[in-house]
Amino acid sequence: MNIREILLISVFFLPFLLSAAPGESADPLREKAVKGDLKSCFYLGNEYFYGENRQKNYTLAAYWYKKAAEGGIPEAQYNYASCLETGWGVDRNLPSAFIWYEKASKQNFHPASFRVAKFYLTGIRDENGQEQLRPSPAEAMELLEKLSAQDYEPAEIDLCLLLMRRNSSREDKARAFRILSKLTSRKNCTPAAFRMLADCYYGGYGCEPDPAKMISLLQEAAARGDPEAMGKLGFLYEYGRVVKQDADKAQKLYRDGALAGHPMAQFKYAEAIAEGYYKDMTVKDALKWYQKSAEGNCPQALFKLGVIYYEGLGVEKDLPRAGAFFFSAAKLGYARAQYNLACMFAEGKGGLASDKAAAFYWFLQAAESGDVPSQKRVAECYLGGIGVDQSITRAEKWFRKAAGAGDMSAGNRLMEIQRTSPW
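Our numbering numbers the first residue of the sequence shown as 302 and each following residue consecutively.
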């Protein structure tokens with residue numbers, strides 16, 4: 302019998318399990334819940350969820366949350382939606398989770414409204430990739446604005462993240478500065494607000510650039526436990542930007558950030574281990590931290606794991622696995638991974654069928670990001686009609702780009718074309 306069958310049986314027999322067995326001590330909360338008292342249903346769900354006063358059981362927690370949710374308790378609607386979103390005690394179902402979050406949101410339950418906004422930002426697709434909820438940034442912004450007006454801190458942070466996007470206007474970034482300044486004046490403010498305000502002082506968003514203030518705010522965020530601030534400070538100390546270069550201080554910050562869960566800090570920590578900075582640690586330790594970083598979608602770590610498995614560095618060589626890591630990093634826009642993936646498609650390596658069109662596509666992605674070897678390969682593809690229609694004009698364009706970036710062989714090819722071209 303598999304686990305799914307056991308869960309189904311548990312749900313089928315649930316009504317028989319809800320009342321106390323003969324001789325079992327009295328359970329007033331459960332008795333009231335069984336009789337339909339909605340608050341008792343909610344509290345009983347909490348006890349099962351957190352394992353308080355009874356054995357932890359997510360299936361029973363979800364059952365009682367649903368009972369209370371159907372009775373209109375917004376906190377229960379939110380908790381049941383969380384179960385549906387995460388798959389705790391029930392089958393994961395994002396469209397249903399959204400519906401229950403929306404029910405709680407309509408009762409002005411701020412955490413639920415925040416989750417609705419998050420879903421509007423990303424949209425929802427089912428397991429087959431079919432769109433169930435179209436992304437709606439405008440509706441997300443409307444909810445975040447409403448929540449921010451009521452000083453709901455998670456919404457204020459997310460609103461500032463949107464206002465500070467790379468393509469945002471300076472007015473939007475200046476508004477983020479004002480919100481973050483207000484946030485950091487509160488007694489118990491999230492550490493992320495200090496780090497984001499540091500970004501404002503770095504870029505001059507809503508204020509004059511102030512490197513000293515930026516460092517002070519990053520230090521405050523790091524001291525309060527913000528992993529990203531630790532990673533950023535580590536970078537500044539590693540390269541001597543704004544502060545005096547200090548490799549040991551940089552490595553301590555990277556290590557602290559890694560242990561706190563920041564993917565880039567985990568990557569830098571893995572690099573330090575691999576390079577022998579920590580004498581008591583091995584290649585296996587480095588691999589563990591590369592993997593942790595990759596799990597956080599750090600493109601550099603995904604690329605590095607691709608190289609490790611492609612070359613067999615401390616592990617058994619595994620080209621299909623290397624290709625999978627390169628593909629993951631390539632999808633995140635990492636040019637070096639895009640180039641390597643293109644080469645694997647071009648050569649039919651790692652279990653990939655030789656696919657010249659796919660190779661050209663990934664060479665082009667990397668080339669447009671400024672990767673010089675890819676620019677040369679794109680030019681060669683256009684010149685020979687490999688994976689794309691032949692175009693001497695476009696070949697010249699890409700050879701010229703690569704040559705301008707210092708690739709001498711690309712410059713030589715460009716001169717050859719121009720000498721032999723009938724035009």
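Even glycine gets a Cβ: it sits at the ideal position worked out from N, Cα and C.
Item to check | Three-state secondary structure assigned by DSSP to LEU614 | outcome: Residue mapping note: residue 614 aligns to position 313 of the sequence shown, counting from 1. Residue state, collapsed to three classes: coil.
Checklist entry - Which same chain residues, not among the five before or five after GLN676, have their C-beta less than 6 Å away from its C-beta? => result Sequence index remark: in the sequence shown, residue 676 carries index 375 (1-based). So the qualifying residues of the chain are ALA668, TRP699, LYS702, ALA703.
Checklist entry - How would you write the range of the alpha helix (DSSP H) that LEU560 sits in, first residue to last? => result For the purposes of this step, residue 560 is taken as residue 259 along the sequence shown, with counting starting at 1. It spans 548-560 - the alpha helix (DSSP H) in which LEU560 sits, taken as one unbroken run.
Next on the checklist: Can you tell me where the beta strand (DSSP E) holding GLN666 begins and where it ends?
Outcome noted: The residue you call residue 666 lines up with position 365 of the sequence shown. First-last for GLN666: 657-669, but that is the alpha helix (DSSP H), not the beta strand (DSSP E).
Checklist entry - Quick one: what's got a C-beta closer than 6 Å to ALA711's C-beta in the same chain, skipping five residues either side? => result If you number the sequence shown from 1, residue 711 lands on position 410. Once the five neighbours on either side are set aside, the close Cβ partners of ALA711 are LYS677, PHE700, ALA703, ALA704.
Checklist entry - Across which residues does DSSP place ARG426 in a beta bridge pair? => result Here the question's residue 426 lines up with position 125 in the sequence shown. GLU432.
Item to check | Collapsed DSSP secondary structure at ILE806 in the structure displayed | outcome: Since the displayed the chain opens at 302 and closes at 724, residue 806 lies outside it and no answer follows.
Next on the checklist: Quick check for students: name the residue ranges of the alpha helix (DSSP H) that lie wholly in the region 619-644, counting only runs of 4 or more.
Outcome noted: Fully enclosed alpha helix (DSSP H) runs of no fewer than 4 residues occupy 620-632 of the region 619-644, in order along the chain.
Item to check | Validate contact between the region 554-567 and the region 576-594 using beta carbons, cut 8 Å, 3 pairs | outcome: Contact between the region 554-567 and the region 576-594 is present, with at least three C-beta pairs closer than 8 Å.
Next on the checklist: On the criterion of 16 or more Cβ atoms from any shown chain inside 10 Å, does PRO674 qualify as buried, or is it exposed?
Outcome noted: Against the sequence shown, residue 674 aligns to sequence position 373. Classification of PRO674: buried, given that the 10 Å Cβ count is 16 or more.
Next on the checklist: Short of 7 Å in beta carbon distance, which residues of its chain neighbour LEU481, apart from the five on each side in sequence? Order them along the chain.
Outcome noted: Residue 481 sits at position 180 when you count from the first residue of the sequence shown. So the qualifying residues of the chain are CYS461, ALA494, MET497, LEU498, CYS501.
Checklist entry - Is the region 355-362 close to the region 333-341, with three or more CB pairs under 8 Å? => result no
Next on the checklist: If contacts are defined as beta-carbon pairs under 8 Å, then ALA369 and LEU339 qualify, I think. What distance do you get, rounded to the angstrom?
Outcome noted: Counting from one through the sequence shown, the residue named residue 369 turns up at place 68. Counting from one through the sequence shown, the residue named residue 339 turns up at place 38. About 5 Å; that satisfies the 8 Å criterion.
Checklist entry - With DSSP run on the structure shown, which of helix, strand or coil describes SER692? => result As a position in the sequence shown, residue 692 is number 391, starting the count at 1. DSSP places SER692 outside both helix and strand once states are collapsed to three, so it counts as coil.
Checklist entry - Would you say MET515 and TYR506 are within 8 Å of each other, going by their C-beta atoms? => result Mapped onto the sequence shown, residue 515 falls at position 214. Mapped onto the sequence shown, residue 506 falls at position 205. No, Cβ-Cβ distance for MET515 and TYR506 is not below 8 Å.
Checklist entry - Which residue from ALA377, GLY373, GLU371 puts its Cα closest to that of LEU345? => result Translated into positions along the sequence shown, residue 345 becomes position 44. Of the candidates ALA377, GLY373, GLU371, the one whose C-alpha sits nearest the C-alpha of LEU345 is ALA377.
Checklist entry - Using the beta-carbon count (16 or more within 10 Å), is LYS488 buried or exposed? => result Within the sequence shown, the letter at position 187 stands for residue 488. Its Cβ having fewer than 16 others within 10 Å, LYS488 is exposed.
Checklist entry - Under 8 Å between C-beta atoms, does MET645 make it to chain B? => result Of the protein chains in this structure there is only one, and it is not chain B.
Next on the checklist: Quick check on LYS585: buried or exposed, where buried means 16 or more other Cβ atoms within 10 Å of its Cβ?
Outcome noted: For the purposes of this step, residue 585 is taken as the residue at position 284 of the sequence shown. It is exposed - the Cβ of LYS585 has fewer than 16 other Cβ atoms within 10 Å.
Checklist entry - Tell me which same chain residues have a C-beta within less than 8 Å of the C-beta of ARG476, skipping the five on either side of it? => result Along the sequence shown, read from residue 1 onward, the residue named residue 476 stands at position 175. Within the same chain, ARG476 has close Cβ partners LEU464, GLY507.
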